[in-house]
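My numbering puts the first residue of the sequence shown at 8, with every later residue one more than the last. By construction, the Cβ of each residue, glycine as well, lies at the ideal position given by its N, Cα and C atoms. Computed from a predicted model, the values in this text were never measured in an experiment.
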Amino acid sequence: MKGIGFDWRVMAFTFSLAALTTVLFGLWPAWQAASGDIQAALQAGSFGSSETKTAQRSRDWLVIIEVALTLLLLSAAGLVLKSFAKNAIDSLGFEPGGCSPRGIELPWTKYDELNKTLNL
């Protein structure tokens, strides 16, 4: 029986996703704020908001996306916890104490073609 372990592909995907979200939701708004025209912002400050319409719109969209992803992750985590709790209390239909796992040996002459398809 295979044990539970770490898969390097899953870890690489998780790291890549974390790096992408860091850049998207952290560095991109900071880069936009730093690359603005300071003189135009100071002149526009007397008339109202100091940020441009495009900067405000992109910031608003980032907030909307962050809230949507947070709700998606929270609902997925809640469903996983609910299914885990349900499976923990469900009856297996037998008493697992005293049982030992056994393998089933198949005759290789009869199932030789299966080995070729599975590359065993």
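Enclosing alpha helix (DSSP H) for residue i [first to last residue]
i: I111; result: Looking at the DSSP string, I111 is not in any alpha helix (DSSP H), and its letter there is neither H nor E.
i: S82; result: 60-96
i: S23; result: 15-29
Local conformation of residue i per DSSP, three classes
i: P36; result: helix
Mind the definition here: the segment 85-98 touches the segment 39-49 only if three or more C-beta pairs lie below 8 angstroms; say whether that holds.
With the cut-off at 8 angstroms, the segment 85-98 and the segment 39-49 do not touch.
contact_flag[the segment 59-72, the segment 20-40] where n(CB pairs < 8 angstroms) is 3 or more:
Per the Cβ contact rule, the segment 59-72 is in contact with the segment 20-40 (3 or more Cβ pairs under 8 angstroms).
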